[in-house]
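The block underneath contains the structure these notes are about, expressed in structure tokens.
There are 2 protein chains.
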Amino acid sequence: MGGDHGPSVTVPACLALLERHAQLRLLLVGRSDALGAIAHPRAELVHAEEVVAMDDPVEVAMRHKKRSSMRIALELVKEGRAQAAVSAGNTGALMAIARYVLKTLDGIERPAIAYPLPNVTGGATTVLDLGANVDCTEHHLLQFAVLGSALDMALKSRDKPSVGLLNIGSEAIKGNDMIKRAAELLREADQKSLIHYYGNVEGNDIFKGTTDIVVCDGFVGNVTLKATEGLASMVSTILKQEFSRNAFTRLAALCAMPVLNAFKRRVDHRRHNGAALLGLRGLVFKSHGSADQLAFEHALSKAIDAAEHQLLQKIQHRVQQAATLF
Amino acid sequence: MGGDHGPSVTVPACLALLERHAQLRLLLVGRSDALGAIAHPRAELVHAEEVVAMDDPVEVAMRHKKRSSMRIALELVKEGRAQAAVSAGNTGALMAIARYVLKTLDGIERPAIAYPLPNVTGGATTVLDLGANVDCTEHHLLQFAVLGSALDMALKSRDKPSVGLLNIGSEAIKGNDMIKRAAELLREADQKSLIHYYGNVEGNDIFKGTTDIVVCDGFVGNVTLKATEGLASMVSTILKQEFSRNAFTRLAALCAMPVLNAFKRRVDHRRHNGAALLGLRGLVFKSHGSADQLAFEHALSKAIDAAEHQLLQKIQHRVQQAATLF
């Protein structure tokens with residue numbers, strides 16, 4: 003029901019995914035009048051009267067909308083009727099309700115939001131946390147490193163994904179006290195082969211692809227993600243403005259179209275859509291609110307991938323191994 | 003002497019500026035063999051035997067290079083022989099030596115690094131702090147707001163530059179405890195007409211140009227700056243790769259060249275080169291280490307502008323007014 007476009011995007015994306023995956027079964031949770039358009043033997047409608055609005059405060063979503071589509075979808079995961087939940091809705095509400103309904107894994111104090119940012123190697127760097135936790139300790143950062151490693155091992159089939167600690171310089175002496183303690187803890191975890199720790203990385207390393215995973219507190223992660231989204235949007239706006247300035251530039255745009263399209267495909271963030279909420283006793287994926295059909299399909303695909311690769315079991319296993327350091 | 007290219011960039015930039023500004027006098031501080039190329043009636047060579055290397059730890063620069071070109075240039079400012087100092091060298095060393103030689107203004111605990119990031123309106127958003135201070139209190143953020151406002155008023159002739167507080171959401175309830183206290187303090191300063199406080203802004207607002215100034219702690223600021231530099235560099239690399247893929251794409255590049263050049267001019271960060279070290283008893287500007295001649299000219303121009311517009315006196319005035327809240 004959620005996202006900027008609601009069922010007009012999510013329903014066609016669901017139908018496309020059902021076509022592509024012969025084993026896929028979908029439970030569509032929401033108002034039957036809005037989701038009625040879907041008629042597929044492997045799609046089942048689960049009616050929910052209430053909907054969490056994109057701007058609902060977390061308290062409203064938690065206390066006053068106990069039969070919301072979001073809540074019911076997460077309960078289906080808890081009951082084992084669904085292997086994963088996907089939402090394009092209100093991120094804060096999704097995280098809070100997921101934490102309340104599903105609970106965190108033993109040893110994990112706070113779930114994290116992990117998102118892949120495209121890098122220049124053609125791959126993507128998994129960055130976490132992206133906004134769930136504004137005040138982090140070094141132990142939270144270690145938990146993020148373990149969660150992110152399990153995610154990359156399961157979904158990207160990486161053997162030993164490398165973890166970078168986001169800092170303001172590559173030297174070990176840089177950063178505030180918490181970051182220095184986190185670096186020590188990550189080094190210890192590396193020595194015990196619980197993660198593969200690379201060392202400090204800087205903001206630009208995210209887009210260089212220096213490491214597979216970058217860990218940071220949710221405040222820094224969220225500001226960084228939004229700043230880069232802002233820059234990307236500015237670059238795209240200015241390119242469009244310059245190419246549509248007059249008849250000559252529009253002709254140039256025509257000539258350059260195949261190249262510009264190839265460029266767009268390579269930097270298309272829709273291909274990476276779908277943030278993982280990690281550290282919960284169930285699989286939950288968050289699509290960007292502004293996702294179009296293609297982007298929402300990618301978020302659904304990730305959830306399918308995660309269920310098929312038994313991400314939850316793999317995370318539980320890694321967390322158990324590392325728990326003595328948490 | 004500093005920067006990635008040293009005098010091969012800084013000397014020609016100095017000569018170009020001397021041509022353009024008939025009143026300008028330059029003191030070139032460094033090794034006479036390296037700076038000997040400059041011969042101009044309004045340029046004076048000040049010999050310095052030692053040079054702070056780009057990778058010298060701050061301690062080495064401070065304690066073991068007491069006659070470095072950086073140190074002597076800052077002493078010329080302190081003695082009133084120079085109205086401003088410009089360096090393309092080691093940022094950490096420049097900040098530490100500037101603080102030691104010049105001292106901070108009464109009421110300012112920590113100097114800040116302010117840098118303008120281009121935004122989609124065609125202007126630039128002044129962001130501070132960008133890395134001088136990794137652990138900030140709400141009082142530091144207020145000081146940054148006052149320093150940044152004085153800078154924009156002097157250099158951009160803005161009457162009431164607006165200040166945004168970098169946060170993870172626009173609602174007042176967002177952020178960690180320090181950020182919430184900072185928001186209160188900034189609101190109080192606004193009520194006393196000491197600054198013009200807009201409220202919370204998010205990472206993307208920097209590039210939207212929502213406010214004239216964005217304040218944040220140096221850790222968040224530095225990570226954000228480097229992440230956006232990393233993204234910009236990735237976009238530029240991929241554009242180049244796509245346009246040079248084969249004969250057809252190279253032809254397309256030829257057609258699109260005037261438009262791509264116009265685009266490049268608009269996003270050209272060299273036009274904004276020159277970070278201000280604010281809160282000191284003297285004017286100090288830091289050029290990006292990788293600056294080419296054009297970029298270094300811009301950093302020099304800013305220093306000239308700041309001296310002509312009496313930035314230091316204006317900052318002192320604003321800081322005195324606001325000191326009761328610090």
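One line per chain: the protein sequences are A and B, in this order.
Take 3 as the starting number for the first sequence in the working numbering and just add one per residue.
Take 3 as the starting number for the second sequence in the working numbering and just add one per residue.
We put the CB at the ideal spot given by N, CA and C, even for glycine.
Terminal residues of the beta strand (DSSP E) in which residue i lies
i        : result
Gly201/B : His198 to Val203
Pro118/A : Ala114 to Pro120
Leu253/B : Careful: Leu253/B lies outside any beta strand (DSSP E), inside the alpha helix (DSSP H) at Ala249 to Val269.
Gly38/B  : Where Gly38/B is concerned, there is no enclosing beta strand (DSSP E), given that its DSSP letter is neither H nor E.
Val216/B : Ile215 to Val217
Helix, strand or coil at residue i [DSSP, three-state]
i        : result
Ser159/A : coil
Pro14/A  : helix
Gly4/B   : coil
Leu107/B : coil
Leu26/A  : coil
Ser70/B  : strand
Gly150/B : helix
Ile208/A : helix
Val62/B  : helix
Gly94/B  : helix
Glu140/B : helix
Pro9/A   : helix
Ile170/B : coil
Lys80/B  : helix
Arg44/A  : coil
Lys316/B : helix
Ala55/B  : coil
First and last residue of the uninterrupted alpha helix (DSSP H) at residue i
i        : result
Ala134/A : Premise fails: Ala134/A is in no alpha helix (DSSP H) and is neither H nor E.
Leu327/B : Where Leu327/B is concerned, there is no enclosing alpha helix (DSSP H), given that its DSSP letter is neither H nor E.
Ala185/A : Asp179 to Gln193
Gly232/B : Gly220 to Phe245
Ser303/B : Gln295 to Glu310
Residues that DSSP places opposite residue i in a beta bridge
i        : result
His49/B  : Gly32/B
Ala335/B : Any answer about residue 335/B is impossible in this case: the structure gives chain B only from 3 up to 328.
Phe287/B : Val88/B and Ala278/B
Ser164/B : His198/B
Residue-chain proximity (residue i, chain A), Cβ-Cβ < 8 Å
i        : result
Arg112/B : no
Cys257/B : yes
Ile197/B : no
Pro260/B : yes
Met236/B : yes
Val136/B : yes
Val269/B : yes
Phe265/B : yes
Asn121/B : yes
Gly109/B : no
Min CB distance residue i to chain B below 8 Å
i        : result
Ser245/A : The residue asked about is misnamed: residue 245/A is Phe in this sequence, not Ser. Answer yes: the Cβ-Cβ gap between Phe245/A and chain B drops below 8 Å somewhere.
Asn178/A : yes
Ile208/A : yes
Val286/A : no
Thr228/A : Strictly speaking, residue 228/A in this sequence is Lys, with Thr absent from that position. Taking Cβ atoms only, chain B reaches closer than 8 Å to Lys228/A, which makes this a yes.
Asn224/A : yes
Gly125/A : no
Asn248/A : no
Thr93/A  : no
Ser150/A : A quick correction: the sequence has Gly, not Ser, at residue 150/A. Answer no: the Cβ-Cβ gap between Gly150/A and chain B never drops below 8 Å.
Selection from the options that minimises the alpha carbon distance to residue i
i        : options                                   : result
Ala264/B : His300/A, Val48/A, Gly281/A and Lys242/A  : Lys242/A
Leu285/A : Asp307/A, Gly166/A and Pro120/A           : Asp307/A
His198/B : Val216/B, Ile181/B, Asp207/B and Phe209/B : Val216/B
Thr128/A : Arg65/A, Cys218/A and Gly4/A              : Cys218/A
Ser303/A : Arg272/A, Ala255/A, Ala41/A and Gly177/A  : Arg272/A
Ala39/B  : Leu107/B, Val53/B and Ala15/B             : Ala15/B
Pro113/A : Asp154/A, His274/A, Leu262/A and Gly220/A : Gly220/A
Ala325/A : Met259/A, Lys266/A and Ala147/A           : Ala147/A
Gly8/A   : Leu20/A, Gly171/A, Asn206/A and Val31/A   : Val31/A
Tyr117/A : Ala249/A, Asn224/A, Ile110/A and Val103/A : Asn224/A
Leu253/A : Ala258/B, Ala134/B and Leu313/B           : Ala258/B
Val48/A  : Arg65/A, Met72/A, Gln25/A and Val62/A     : Met72/A
Pro163/B : Lys194/B, Leu187/B and Tyr200/B           : Tyr200/B
Leu157/A : Ala134/A, Asp137/A and Asp214/A           : Asp214/A
Ser1/A   : Gly150/A, Leu167/A and Arg69/A            : The structure shown does not extend to residue 1/A, since chain A spans only 3 to 328, so no value can be given for it.
Closer than 8 Å to chain C by CB, residue i
i        : result
Phe221/A : Chain labels in this structure do not include chain C; the protein chains are A and B.
Residue i Cβ short of 7 Å to the ligand ADP heavy atom set
i       : result
Lys80/B : As far as ligands go, the structure on display features none, and thus does not contain the ligand ADP.
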